[in-house]
Structures are given as C-alpha cells and as structure tokens.
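Going by the working numbering, the first residue of the sequence shown is number 444, and it counts up by one from there. Notes to accompany the following structure.
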Amino acid sequence: MNARISATDRRKPAVLTDFDDTAAAQNVAELLLHEFGHPSWTDVRERFRAGELSLKDYQEATFLRMRADKDAMQSYVRAHANFRPYFAELSAFCRAHSIPMCIISQGLDFYIQALLDGSGQSEIPVYAVATEFDGRGRVCGYRYDFAYPEAPHLGNSKALIVRRFQEQGHHVFFMGDGRSDFEAGEVADTVFAHRQMAAMCDEAGIEFSPFTDFGPVLEAIQQYMAALNGG
Ligand SMILES: [Mg+2]
C-alpha cells in the first residue's frame with residue numbers, strides 16, 4: 444500500500460478519478476472525434492500535442508465543429524465505451540461505506556454522463572466542463588464551474604477540487620493518466636497514476652501506485668477502511 448497512508452490518519456477517504464483513459468478504458472473524447480469530428484480535428488490535435496494549444500482550446504475548437512448532435516454522440520458512447528475493470532465494484536464499496544466517489548475531468552459532461560447512465564452509475568457526481576447545446580442539439584458553448592477565479596482561461600482545476608475535499612476532512616485517493624491530472628497528483632494524499640502522469644510523477648519524485656484497472660484502488664480503500672475501523 445502507498446506509504447502516504449498512515450495508521451494515524453483518521454480522515455474519511457474520498458475517491459476522485461479522472462475519466463478519459465482512466466475511469467473509462469478509452470479516451471472517449473477521441474472516440475467521438477474519430478467518429479463525428481470535422482476532418483480538421485487531427486490537425487488541431489497535432490497542435491495540442493506540440494504544446495501550441497491547451498487541452499481546453501483543443502477540446503473547445505474540435506467539439507464546436509462536431510458533425511453529430513448530443514443524442515447521437517451519447518448513444519455512440521454507450522455502445523462503444525466502457526469502464527475499466529473493478530470500477531463498478533469500487534463504486535459499490537464506496538456507496539456501501541458512504542465514501543464520496545466522484546469523476547473529475549477536463550472533458551465534457553455529456554459524454555461522461557452517457558457512460559455513467561449506460562452502466563447504471565448515474566448517481567456518481569461529475570466535475571467536468573458543462574457543455575451548452577443549441578436547439579438542434581449541437582455543441583455551442585462551454586462553462587467552467589471549477590476554475591480558479593484569477594485564472595479562468597485555464598479552465599477547470601482538478602487540484603482545486605482535491606483541496607475542497609481535503610478541506611472537508613477527507614483523505615483523497617486520486618487516479619489519473621494525463622498532463623491535466625498532475626496538479627491533482629501533487630496535492631492528493633494517495634495517488635494512482637499511469638501513462639503520462641506516471642512519468643511526470645516519477646520525474647517530480649511524487650509517490651504513486653501504477654494501475655491498469657480499479658482492483659488495486661479497491662484493495663487500498665478496503666485496507667484504509669479496515670485500518671480506520673480497527674485502529
Ligand atoms: Mg485522462
């Protein structure tokens with residue numbers, strides 16, 4: 444188990460997980476772009492990968508040009524995306540023990556909600572970009588409810604949400620895979636990382652457990668609860 448869990452930690456846990464490529468086995472945003480994106484979306488992605496565009500700008504530009512409406516995109520997500528193994532078991536354990544479990548994402552709320560609804564997990568709270576749709580069901584705007592007031596151009600901040608849970612007295616378990624997850628990994632109490640986030644944590648000397656599914660997370664939460672109840 445991660446050494447940052449100590450026997451003296453009496454805080455109730457909270458589980459916060461990234462969505463694309465973390466809770467979901469796929470990058471659902473890219474899944475939708477591959478199917479419905481304007482042909483220019485890969486050029487925009489190249490500019491994002493080269494560091495010329497932020498994730499926020501890349502996502503805003505590409506989803507505004509989607510060739511499908513909300514219903515079509517949500518149906519596609521339900522048919523083609525899935526959660527990583529043990530996500531449902533972790534969610535059930537958290538519900539049974541009144542442990543908050545939330546998705547925190549720089550992605551768009553409607554495609555996250557589609558997968559939650561499609562897998563019977565509608566009640567999991569989502570902190571994500573609020574997408575606005577026009578009368579035809581096409582994406583027409585975005586709202587960022589979890590941005591730093593002094594830096595709205597950066598979009599939502601995952602670290603802000605982690606801190607909010609810590610201020611409420613929680614030991615925060617965080618799972619992520621990407622650049623936008625790193626700031627949350629810097630402040631979370633127990634970190635699970637893979638892909639780019641794992642490399643960034645390695646480089647920064649931030650302790651983390653690798654993962655490819657939620658089995659190790661469930662085990663860590665169960666051990667934490669056993670220590671909390673038995674200690
Ligand atoms: Mg991700």
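From the three backbone atoms N, C-alpha and C, an ideal C-beta is built for every residue, glycine too.
Pro-595 counts as exposed, since fewer than 16 other beta carbons sit within 10 angstroms of its beta carbon.
When DSSP states are grouped into helix, strand and coil, Gln-469 belongs to the coil group. Sorting Ile-546, Val-572 and Asp-624 by C-alpha distance to the C-alpha of Arg-638 places Asp-624 at the top. A straight-line Cα-Cα distance of about 31 Å links Ile-567 and Ala-647. The beta carbons of Ile-649 and Phe-536 sit no closer together than 8 Å.
For Gly-673, no beta strand (DSSP E) run applies; the uninterrupted alpha helix (DSSP H) run containing it begins and ends at 658 to 673, by DSSP.
Approximately 6 Å separates the beta-carbon atoms of Val-569 and Gln-556; this is inside 8 Å, confirming the contact. Listed in chain order, the alpha helix (DSSP H) elements of length 4 or more contained wholly in the segment 489 to 522 are 498 to 507. Taken atom to atom, the span from the alpha-carbon of Thr-505 to that of Arg-454 is near 41 Å. For Ile-604, there is no enclosing beta strand (DSSP E); the enclosing alpha helix (DSSP H) has its first and last residue at 601 to 610. Contact between Tyr-501 and Arg-510 is absent: CB atoms are separated by about 17 Å, not below the 8 Å threshold. By the 16-neighbour rule on beta-carbons within 10 angstroms, Leu-507 is exposed. Rounded to the nearest whole angstrom, the C-alpha separation of Asp-620 and Gly-673 is 33 Å. When secondary structure is reduced to three states using DSSP, Phe-536 falls in the helix class. Within its own chain, the residues whose Cβ lies closer than 6 Å to the Cβ of Val-634, once the five positions on either side in sequence are excluded, are Phe-617, Gly-628 and Phe-651, listed in chain order. A contact between stretches requires three or more CB pairs, one per stretch, nearer than 8 Å, and the segment 471 to 479 meets this requirement with the segment 517 to 525. The Cβ atoms of Tyr-585 and Ala-573 lie closer than 8 Å to each other.
Exposure of Gly-494 is indicated by the presence of fewer than 16 other C-beta atoms within 10 angstroms of its C-beta.
In the DSSP assignment, Glu-575 falls within the beta strand (DSSP E) that extends over 569 to 576.
With fewer than 16 other Cβ atoms inside 10 Å of its own Cβ, Arg-490 counts as exposed.
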